[in-house]
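Engineer: Residue numbers (the numbering used here): 3 to 262. All C-beta atoms, glycine included, are put in the ideal place defined by N, C-alpha and C. Please read these numbers as outputs of a predicted model, since none were measured by experiment. What follows is a structure written as structure tokens; I'll ask about it next.
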Ligand SMILES: Cc1ncc(COP(=O)(O)O)c(C=O)c1O
């Protein structure tokens, strides 16, 4: 039987990185059959080549009997640990009530897109995972092109001009820091400048900080949750620095003092 799908689904193509990943897997298979003596470097996929830290793997095993439905927000023990983790690594003081646990940050970002009203602003280039979610949700979005002469970083002045041209309702900016694909890291000063513009224009930020702990210069990393606490959804998880993408565990820190 032919299955009819919604037209938004038809419009979604497999992201290039997944396609490249499949292609590389096929080539490797062929290569094994032909006994060729070289490998392919799969640079398209954010998959850590390292092992999951033993302590995490052990904890998962030890708790595999816990099969009851848990709190929708995430169990309080975990949310407290996430708060401690954020304090230790990023100096963020967060009450666990602001923390939501989810199956990976991709799903959490999808949920924020879905729940929070307003057009979405995606800087380009960016991780290609955002667009399919936005299209699936039929959300309005705007691409904010980053310029090579500014090292593909958001320029506050440009953002200001860009936002002036849009309508004045609430909007959501996706700020991925450190940035996939360029590896750029925003300084505290740069984040403060971006925050000024976001405050001025009523823009919420989704700070996708999944690569924070892989920063080459970690000392220079500052979480947007520190700079713009009232307007930022910070997302992070186990996928990259702890090599546990398949565990599907992420968290989101909600903006401070937010209310409907
Ligand atoms: C920038 C960025 N954000 C989010 C994700 C997805 O992370 P998660 O495994 O937590 O869904 C990725 C994965 O490649 C990514 O590159």
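#1: For residue 231, which three-state DSSP category applies?
#2: Quick one: is residue 255 buried, meaning 16 or more other Cβ sit within 10 Å of its Cβ, or exposed?
#3: Answer yes or no: do residue 176 and residue 211 have a C-beta to C-beta separation smaller than 8 Å?
#4: Beta carbon of residue 83: closer than 7 Å to some heavy atom of ligand 1?
#5: Using a Cβ-Cβ cut-off of 7 Å (strictly less than) and excluding sequence neighbours within five positions of residue 200, which residues of its own chain qualify?
#6: Could you tell me how far apart the beta carbons of residue 126 and residue 146 are, in whole angstroms, since I believe they sit closer than 8 Å?
#7: Since residue 164 and residue 136 should fall inside the 8 Å C-beta cutoff, what is the C-beta to C-beta distance between them, to a whole number of angstroms?
#8: DSSP three-state label for residue 260, please.
#9: Taking the DSSP output, what are the residues bridged to residue 209?
#10: Using the C-alpha atoms, what's the distance from residue 221 back to residue 244?
#11: When we look at the beta-carbon of residue 132 and count the other beta-carbons within 10 Å, is it buried (16 or more) or exposed?
#12: Please work out which residues of its chain come closer than 7 Å, Cβ to Cβ, to residue 171, disregarding the five sequence neighbours upstream and downstream, and give them in chain order.
#13: Less than 7 Å separating the Cβ of residue 239 from some heavy atom of ligand 1?
#14: To the nearest angstrom, how far is it from the Cα of residue 59 to the Cα of residue 162?
Structural biologist: In short:
#1: coil
#2: buried
#3: no
#4: no
#5: 175, 207, 230 and 233
#6: 7 Å
#7: Not confirmed; about 17 Å, so no contact.
#8: coil
#9: 177 and 236
#10: 19 Å
#11: buried
#12: 120
#13: yes
#14: 46 Å
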